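Take a look at the structure set out below.
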Amino acid sequence: MPEGGARRVCQEAVAIVEMARVHADSLAVGVTPIRARGIGLEWDDYRDYQPGDDFRLIDWRLSSRSIGSDGRMRLLVRERRAERQLEVVLALDASLSMEFGEKLHAALYALSFMASLASWLGDVTTLLILGGRPTALRLPPSELALAAVRELCETSEPGGAVDLRQVARTAASLSRRRASLVLITDLAHDPGEFEGLASALSAVGWGLGVAISSHPSEVSLPQGGTAELVDPEDGSVLVEGVEGWRLLSERLSRHRAEVFATLRRWAVPHVEFVGLGGCRSAATDLAWLYRSAREGAGRVEAAQAARA
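Numbering-wise (our numbering), the sequence shown opens with residue 103 and increments by one.
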């Protein structure tokens with residue numbers, strides 16, 4: 103069994119996977135089923151907004167022209183019909199930086215949750231584990247999350263560093279047709295890596311979605327203190343002392359701004375969550391992320407078919 107953070111997540115991994123699956127299944131039943139939340143590609147119909155629906159699915163232009171019997175604007179929600187059998191690579195970053203706090207716990211939850219979405223839609227999935235020894239497994243989505251647990255805790259060697267620019271080449275080599283990559287990672291990457299990943303996948307017509315698992319200290323630091331920051335992947339001392347604390351806070355803010363600006367510039371759908379609880383609360387956002395990544399590849403294929 104691995105050491106450190108990976109060892110801690112292994113002790114709870116099966117429970118995390120099952121918790122995410124049950125949570126995902128709960129979105130498929132009730133007043134607002136997953137179909138009404140927009141999982142899929144093709145527009146199917148419109149209906150009145152219901153409490154619990156995602157506001158992002160409201161068609162404001164059509165709603166502004168629709169007046170109810172009470173004289174008020176009717177909020178109309180777009181429903182989608184799921185296009186099935188798309189190909190998706192779900193990539194889990196298991197490098198050393200992911201072993202800090204609950205980052206790997208939350209990442210595994212997100213992986214299991216989105217694998218459940220893939221299962222409902224009949225998608226063809228490949229699991230890509232990134233870290234000390236990258237591993238690719240082509241599996242049915244219903245088996246994907248537990249396979250990740252086995253790889254992390256019994257077979258593979260998590261740790262090391264991950265260069266996102268290499269991930270694009272690795273992912274593209276796993277499929278002969280256009281597909282989508284959903285990457286679960288953290289902020290411990292140079293903004294240029296995110297740009298390289300987005301650029302490379304865009305060039306070959308792949309969809310891309312990024313789920314970012316963060317520790318609270320990677321979102322904001324307390325107002326004062328002293329620090330010694332060591333890069334876990336290469337051992338270098340980045341900052342230290344009271345002055346180091348101030349510099350660290352400035353660097354953190356600048357780094358976050360640059361990463362998210364890069365993702366927005368490349369129109370990459372992305373979601374950030376903090377810890378296991380934060381990931382559970384981000385369920386609707388994760389569903390949106392998975393759908394958006396699928397649409398990325400679908401839009402390219404549709405455009406090329408139209409040109410043909």
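Where a beta carbon is used, it is the ideal one built from N, C-alpha and C, also for glycine. Source: prediction; values computed, not measured.
For the pair Gly170 and Tyr151, the Cα-to-Cα distance works out to about 12 Å. As the crow flies, the alpha-carbon of Met175 is around 26 Å from that of Asp387. The DSSP-derived three-state label of Gly309 is strand. Burial is judged here by how many other beta carbons sit within 10 angstroms of a residue's own beta carbon; Val312 has at least 16 and is buried.
Within 10 angstroms of the beta-carbon of Pro318 lie fewer than 16 other beta-carbons, which makes it exposed.
When the alpha-carbon of Pro293 is set against those of Val119, Leu192, Thr227, Glu360, the nearest one is in Glu360. Distance between Ser244 and Asp288, taken at the CA atoms: about 25 Å. Taking a C-beta distance under 7 Å as the contact criterion, Leu194 and Leu213 qualify as a contact pair. In the DSSP assignment, Arg240 falls within the beta strand (DSSP E) that extends over 237-241. DSSP, reduced to helix, strand and coil, places Ser275 outside both helices and strands of the structure shown, so it counts as coil. Under the three-state reduction of DSSP, Arg149 is assigned to strand.
When C-beta atoms of the region 299-306 are compared with those of the region 260-273, three or more pairs fall below 8 Å, so the two segments count as touching. At the C-beta level, Leu178 and Ser166 stay beyond 7 Å of one another. With respect to Arg280, Gly307 sits close: the two C-beta atoms are nearer than 7 Å. Bounds of the alpha helix (DSSP H) holding His207 are 205-223. A straight-line Cα-Cα distance of about 43 Å links Ser277 and Leu349. Taken through DSSP and simplified to helix, strand or coil, Ser197 comes out as coil.
Comparing alpha carbon positions, the residue from Gly224, Arg252, Val226 closest to Thr237 is Arg252. If you compare the alpha carbons of Ala273, Leu323, Ser316 with that of Leu303, the shortest gap goes to Ala273.
It is roughly 12 Å from the alpha-carbon of Tyr392 to the alpha-carbon of Ser221. The continuous beta strand (DSSP E) containing Ser282 extends over residues 282-287.
DSSP, reduced to helix, strand and coil, places Arg174 outside both helices and strands of the structure shown, so it counts as coil. The secondary-structure analysis by DSSP pairs Arg123 with nothing; it has no beta-bridge partner. When the five nearest sequence neighbours on each side are left out, the beta carbons in the same chain lying within less than 8 Å of the beta carbon of Asp161 are those of Tyr148, Leu178, Val179, Arg180, in order along the chain.
A direct Cα-to-Cα measurement between Leu254 and Cys112 gives close to 8 Å. Counting of Cβ neighbours within 10 angstroms places Phe375 among the buried residues, the total reaching 16 or more. If the five residues before and after Asp127 are omitted, its C-beta is found closer than 8 Å to the C-beta atoms of Ser218, all from its own chain and listed in chain order.
Take Pro371, set aside five residues on each side of it, and the residues of its chain with a beta-carbon closer than 6 Å to its own are Gly311, Leu391, Ser394, in chain order. Phe157 sits exposed, since fewer than 16 C-beta atoms from the chains shown fall within 10 Å of its C-beta. Looking from the CA of Ala117, the closest CA among Ala305, His207, Arg240 belongs to His207.
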